[in-house]
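Just below is one structure, and these are the notes that go with it.
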Amino acid sequence: IKNVQAELDQFGLFIYNANVKQLQDTQGSEYFAYMRMKTHEGAVNQAKVDVAEAKYRGDVGAKEREGKTRKENAKIEAETIVIENERKVSIAQAEMALATKKSEFDQKTKIASIEATQAAKMREVELQKQVEERRLLSETERLRVELVAKANAEFEATKAKAEAKLYAAQKEAEAALYQKQKEAEGVLAVYNAQAKGIQQLMQGFGNDRSAALQYIMVERGVYVQLAKENAAAIKGLNPKITVWNTGAEGSSTNGMGP
3 IKNVQAELDQ FGLFIYNANV KQLQDTQGSE YFAYMRMKTH EGAVNQAKVD VAEAKYRGDV
63 GAKEREGKTR KENAKIEAET IVIENERKVS IAQAEMALAT KKSEFDQKTK IASIEATQAA
123 KMREVELQKQ VEERRLLSET ERLRVELVAK ANAEFEATKA KAEAKLYAAQ KEAEAALYQK
183 QKEAEGVLAV YNAQAKGIQQ LMQGFGNDRS AALQYIMVER GVYVQLAKEN AAAIKGLNPK
243 ITVWNTGAEG SSTNGMGP
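Each number in the working numbering comes from the position in the sequence shown (counting from 1) with 2 added on.
This is the structure in structure tokens:
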């Protein structure tokens, strides 16, 4: 009614009361029928367009979510591998420190064991010597009672043999002790050389423990192994690369990088 009143204002007319009725064609005219059909078909077509648009947005959203999920999974897997590699570096550092301490402990233990073994052997030889001497004294006393002259001769001969035997045993023990001491000195020399080598390596890097450790890791091929594992971790990823050209004939090119 307001729209109709606006049209009638130019004529000075005013609507007091109105009945609204659908416009109908006169006999032989189909104008309003075609207008209704046009409106109906337009609404149907617009509904189809809206449905297609909604379906398109849903498909695009699903693809975007799928792409984000794959990207996040790849990122998490890469971060996990980096953390695992950092843990391996920490383990390598701990193993190196443990190996150094173990070498020092083994060195001291071997030296103490060799010294204890040789001391026990020397004590055993001394006790055997004392037992043999006592036995000889007892035998000599008995022989002296029976046959002084003969006993004296036999005593001297037996004593000479015993002393020779004891001397040979003592020399054998001394030779064994000398050999063990030389072996211990050799082991000690190896450990000292290793300790000196580590000390010189630290001095060469200005007592920079981190730099020395990096050198050792390079020497042992740890970084090469880490590089191989990192390469294996990112193998198969396909990052999307977009290049924009803002020139006069601007265009965009999408490609998949290796």
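Just so it is clear, CB atoms sit at the ideal spot from N, CA and C, and this is done for glycine as well.
So, methionine 98 versus isoleucine 218, is the Cβ gap smaller than 8 Å?
yes
Does arginine 137 come out as helix, strand or coil in the three-state DSSP assignment?
helix
Do you know whose CA, among Ile113, Ala155, Lys161 and Glu148, lies nearest glutamine 132's CA?
Lys161
Taking buried to mean at least 16 other C-beta atoms within 10 Å of its own C-beta, is leucine 129 buried or exposed?
exposed
Using the three-state DSSP reduction, which class does glycine 69 fall into: helix, strand or coil?
helix
Closest residue to glycine 223 among Ala94, Ala177, Lys50 and Gln12 (Cα-Cα distance):
Ala94
In this structure, does DSSP put leucine 179 in helix, strand or coil?
helix
Figure out for me which residue from Val127, Met37 and Tyr18 has the closest Cα to the Cα of tyrosine 169.
Val127
Candidates Glu141, Asp27, Ala20 and Ser105: which alpha carbon is nearest lysine 198's?
Ser105
Could you compute how far the alpha carbon of valine 226 sits from the alpha carbon of valine 220?
8 Å
Below 8 Å on the Cβ atoms is my contact criterion, and I expect lysine 112 with alanine 175 to pass it. Report the Cβ-Cβ distance as a whole number of Å.
Actually they are not in contact, since the Cβ atoms of lysine 112 and alanine 175 sit about 20 Å apart, beyond 8 Å.
Please determine if the region 63-83 and the region 201-219 are in contact, where contact requires at least 3 C-beta pairs separated by less than 8 Å.
no
Identify whether arginine 13 lies in helix, strand or coil by the three-state DSSP scheme.
First, the amino acid is wrong: residue 13 is phenylalanine here, not arginine. Of the three classes helix, strand and coil, the one that applies to phenylalanine 13 here is helix, per DSSP.
Is DSSP giving glutamate 188 helix, strand or coil here?
One point to set straight first is that residue 188 is glycine, not glutamate, in the sequence displayed. It is helical.
Can the beta-carbon of isoleucine 85 be found less than 8 Å from the beta-carbon of asparagine 232?
no
Applying the criterion that 16 or more other CB atoms from any shown protein chain within 10 Å of the CB defines a buried residue, is leucine 215 buried or exposed?
buried
For phenylalanine 107, which of helix, strand or coil comes out of DSSP?
helix
Span of the alpha helix (DSSP H) holding tyrosine 225?
224-236
Do glutamine 109 and leucine 190 count as a contact pair if the criterion is CB distance below 8 Å?
yes
Run through DSSP, which three-state label would glycine 199 get?
helix
Taking 8 Å as the threshold (C-beta atoms), are alanine 164 and leucine 2 in contact?
There is no way to answer for residue 2, as the model of the chain reaches only from 3 to 260.
With distances taken Cα to Cα, identify the nearest neighbour of arginine 38 among Gln26, Gln48 and Ala49.
Gln26
Rounded to a whole number of angstroms, what is the C-alpha to C-alpha distance between glutamate 185 and alanine 229?
43 Å
For the alpha helix (DSSP H) containing glutamate 221, list its first residue and its last residue.
211-221
I believe isoleucine 173 touches isoleucine 116 by the beta-carbon criterion, under 8 Å. Please report the beta-carbon distance rounded to the nearest angstrom.
Note that residue 173 corresponds to lysine in the displayed sequence, not to isoleucine. Lysine 173 to isoleucine 116, Cβ: 19 Å. No contact.
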